[in-house]
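Peer 1: By numbering that gives the first Met the number 0, the letter at position 23 of the sequence shown is numbered 22, and the numbering carries on one by one without gaps. The structure that follows is given in the form of structure tokens.
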Amino acid sequence: MPEATLPEATSTEATSTKAAIDRSGREVLIGKVVGVFGIRGELKIASHTEPVAAILNYQPWTLRLGQSDTVIDNVKGRANAHGVVAKFPDLDDRNDAEKLIGAEVWVPRSVLRQTKPGDYYWVDLEGLRVRTTDGVDLGVVSHLLATGANDVLVVQGERERLIPFVLDHYVMAVDLDAGTMTVDWDPEF
């Protein structure tokens with residue numbers, strides 16, 4: 000299977016992800032257990048990766064259910080029409096598998112491959128402080144939207160702004176280390 004990755008926001012291609020980031024622990028939410036499959040303890044996973052089966056490439060998983068965290072490694076699985084069917088080591092009973100429904104699947108940010116210059120994981124853009132080329136603070140990137148033509152930054156400040164993520168046109172600079180993004184955008188728009 001070719002290497003698969005979480006979707007990236009790029010200047011040329013729009014892809015979507017529902018992934019969120021916990022910046023304090025540098026972990027990325029990449030899926031959720033949504034049901035059981037069959038009688039042998041397999042689980043249905045709603046994957047937030049693109050393609051959906053790429054979730055299997057990022058391990059170990061931390062399953063979060065309520066206040067409980069469980070680390071699982073060596074998860075096997077396959078894509079199906081509704082997401083991913085996963086098989087956890089030592090989980091062979093449907094009744095035990097049902098107890099995991101609702102668990103979120105988190106992975107360390109470090110397991111994601113490095114991006115090329117000009118490519119960014121959405122989770123790395125979320126939380127960046129956005130300023131115009133004139134230094135006007137617009138707020139913080141809360142999330143991104145896929146529109147088909149290009150990705151759109153949703154910036155929360157004194158009001159919400161939707162800014163197309165188009166490098167060198169609207170997005171002039173992204174500095175992940177400084178936690179900032181510079182945009183060529185009219186603050187009144």
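Where a beta carbon is used, it is the ideal one built from N, C-alpha and C, also for glycine. In this text the structure is predicted, and so the values were computed from the model without any measurement.
Give the straight-line distance between the Cα atoms of Ala53 and Lys115, rounded to the nearest whole angstrom.
Peer 2: Spanning the two alpha carbons is a distance of roughly 19 Å.
Peer 1: Using a Cβ-Cβ cutoff of less than 8 Å, which residues in the same chain neighbour Leu175 once the five nearest sequence positions on both sides are dropped?
Peer 2: Once the five neighbours on either side are set aside, the close Cβ partners of Leu175 are Tyr119, Asp123, Leu127.
Peer 1: Could you name the residues of the same chain whose beta carbon sits closer than 8 Å to that of Val35, not counting the 5 residues immediately before and after it, in chain order?
Peer 2: Around Val35: Glu41, Leu42, Lys43, Arg93, Ala96, Glu97, Ile100.
Peer 1: Got a sec, what are the start and stop residues for the alpha helix (DSSP H) Ala96 sits in?
Peer 2: Taken as a continuous stretch (DSSP letters only), the alpha helix (DSSP H) holding Ala96 covers 93-97.
Peer 1: If you follow the beta strand (DSSP E) that Asn27 is part of, which residue opens it and which one closes it?
Peer 2: Note on residue identity: the sequence assigns Val, not Asn, to residue 27. 26-36 is the span of the beta strand (DSSP E), which, as asked, contains Val27.
Peer 1: For Glu49 and Val104, what's the separation of their Cα atoms in angstroms?
Peer 2: Each residue's alpha carbon lies about 15 Å from the other.
Peer 1: Determine the DSSP secondary structure at Ile239, reduced to helix, strand or coil.
Peer 2: Lying before the first or after the last residue shown, residue 239 is absent from the chain, which here runs from 0 to 188.
Peer 1: Would a C-beta distance cut-off of 8 Å place Leu143 and Tyr57 closer than the cut-off?
Peer 2: Contact flag unset, no.
Peer 1: Over what stretch of residues does the beta strand (DSSP E) that includes Val154 continue unbroken?
Peer 2: First-last of the beta strand (DSSP E) with Val154: 150-155.
Peer 1: How big is the Cα-Cα spacing for Lys86 and Thr131?
Peer 2: When rounded, the distance between both Cα atoms is 48 Å.
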